[in-house]
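Below is one structure; the comments refer to it alone.
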Amino acid sequence: MKNVIILVFLFVSIKHSIAQTKQLAIKTTATKITDFVPAKWKLIAQAKGDLNKDGLEDCALVIENTNPENLLSNKDKLGGDTLNVNPRYLLVIFKKSNGIYELATKNTSFIPPANSEESPCLTDPFAENGGIEINKGLLSVHLQNFYSCGAWEVYNFDYIFRYQNQQFELIGYNKSSMHRSSEEETSKTINFSTMKMNYTSGTNAFKDDNKPKTVWKNIKPIKLLSLQTITADSLDAFD
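Numbering (full-length UniProt numbering), first residue to last: 1 to 239.
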């Protein structure tokens, strides 16, 4: 029995070791931005601008795996015939004064894949109405939840990051929703620099005589979320 336990332990250890070696290797420095895209991955979005106030043009990239094993058949079910669940990574790259590009940070779980097994009716959250932007030193990530079946609500999410304290910290968050049948709209904005939040309701895309009502409230001081560790569920507590 003791020998069996030892063999099981060794088997698990070997599997873990193999899994570790299969982790995606991303370059930490390169002479070209495209060099940060690993083999069998593709670049699907990029934004350029100065993020660390050194006068040089930095870059943010979203890359996607192209593994055919992550293209799942969904025929005769709700949603598309094929679900693309290939993972996506968000990379932020600093340009140095010597012309070399340096990986500043990465996130491997924030940008959702094109499709979801759990929600096959959810269209790509990062497709037509999603994206990344660098403006006035801030990095913004926009996602949208639009369901082709099973739900009437359309949700838009904006995450705003600023490079401070040697990392990219979340300083702003916007969430808005619209009901596709009634056209009723709501929105929420959180400023993590001032620790204030507002909620607006009473607007309708069908009506011209909207009388929106906005409620402000203070939120408890929290440790700011970083781009390196944030996930799509990190802000659920504010809902």
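Ideal placement from N, C-alpha and C gives every residue a C-beta, glycine not left out.
Burial of M178 is indicated by the presence of at least 16 other C-beta atoms within 10 angstroms of its C-beta. Shown here for N218: same chain residues with a beta carbon closer than 7 Å to its own, the five before and five after excluded, namely M195 and K196 in chain order. Taking C-beta atoms under 8 Å as the contact rule, A114 and N84 qualify, at a distance of about 4 Å.
Here I100 is exposed, its C-beta having fewer than 16 other C-beta atoms within 10 Å.
Collapsing the DSSP output to three states places A45 in a strand. In this structure, the beta-carbon distance from C121 to G172 does not fall below 8 Å.
Close CB contacts of V37 within its chain, under the 6 Å cut and outside five residues either way in sequence, are with L43 and I63 (chain order). By the Cβ neighbour-count rule, D58 is buried, with 16 or more other Cβ atoms within 10 Å of its own. Distance from the CA atom of D209 to the CA atom of P221, rounded to whole angstroms, is 37 Å. In the DSSP assignment, Y199 falls within the unbroken beta strand (DSSP E) covering K196 to N204. Spanning the alpha carbons of K40 and A47 requires a straight line of approximately 22 Å.
F161 sits away from L143, with the two beta carbons spaced by 8 Å or more. Taking 8 Å as the upper bound for CB-CB distance, A60 and I111 are not in contact here, some 11 Å apart. With contacts defined as CB atoms closer than 8 Å, T105 and P87 fail to qualify as a contacting pair.
Boundaries of the beta strand (DSSP E) harbouring R88: R88 to K95, taken from the DSSP string. Going by DSSP, F157 is part of the beta strand (DSSP E) stretching over E153 to Q164. Rounded to whole angstroms, the gap between the alpha carbons of T123 and I134 is 25 Å.
If the five residues before and after I230 are omitted, its C-beta is found closer than 6 Å to the C-beta atoms of F110, all from its own chain and listed in chain order. The Cβ-Cβ distance between E184 and N204 falls below 8 Å. The shortest CA-to-CA distance from S181 to any of T200, N174, K175 and A151 is the one to A151.
Of K96, Y89, L71 and T66, the smallest CA-CA separation from L56 is found for K96.
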